[in-house]
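Right, one structure below, let's go through it.
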Amino acid sequence: MRPAGHYPARMDGCVFCGIVTGGVPAFRVADEPDGVAFLDTRPVFKGHVLVVPRPHLVALADLPADALPGYFRFVRRIAVAVETGLGAGGTFVAMNNKVSQSVPHLHTHVVPRTKGDGLRGFFWPRTRYADDDEAQGYADRVAAALPAT
């Protein structure tokens, strides 16, 4: 992984960079300094919005710490707008990080939800821990790997 800040502002061939610069057409919802929001061309439900940061970043770890507040404030505003503007009962906000990213450019999904829409939980099968000790072991491993703030 490259250190944060070492990605180019734009990446040739990246469709999301093309949308940010206006070279690739998209149904834009918002275009602000902290990012660009546009409709997903293959929505889970109509009104599914993608929010991307302006620079070419691949994963959440690549987003500079000083950009986090602005980016997530923008994502939050889009989530409120999707719910209010579409009369949705709520939203599902999600981000794949490298694995399952159809476009290798950091992006956040904001999906409108309504009660009874058929979407259940996450998009993949769920599992269980064998016991509390196994669960605690996973919690301890993640906690030990936390980067300094």
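Each residue of the sequence shown is one higher than the one before, starting from 1 at the first, in UniProt numbering. Ideal Cβ placement from N, Cα and C applies to all residues, glycine included.
DSSP state of residue i mapped onto helix, strand, coil
{"i": "residue 139", "result": "helix"}
{"i": "residue 144", "result": "helix"}
{"i": "residue 133", "result": "helix"}
{"i": "residue 9", "result": "coil"}
When the options are compared against residue i, the one with the closest alpha-carbon
{"i": "residue 28", "options": "51, 112, 56 and 133", "result": "51"}
{"i": "residue 112", "options": "131, 39 and 140", "result": "39"}
{"i": "residue 53", "options": "79, 41, 145 and 19", "result": "19"}
{"i": "residue 34", "options": "70, 42 and 22", "result": "70"}
{"i": "residue 55", "options": "87, 44 and 9", "result": "9"}
{"i": "residue 41", "options": "102, 68 and 119", "result": "102"}
Whole-number beta carbon distance between residue j and residue i, since they are thought to touch under 8 Å
{"i": "residue 109", "j": "residue 16", "result": "About 13 Å; that fails the 8 Å criterion."}
{"i": "residue 37", "j": "residue 24", "result": "No, residue 37 and residue 24 are not in contact; Cβ-Cβ is about 15 Å, not under 8 Å."}
{"i": "residue 208", "j": "residue 74", "result": "Residue 208 lies beyond the range of the chain shown here (1 to 149); nothing can be said about it."}
{"i": "residue 60", "j": "residue 95", "result": "6 Å"}
{"i": "residue 89", "j": "residue 114", "result": "5 Å"}
Requested in this report: Run through the UniProt domain "HIT" (15-120) for me and flag every whole beta strand (DSSP E) of 3 or more residues, listed as ranges in chain order.
Outcome: 28-32, 35-39, 49-52, 90-94 and 108-113
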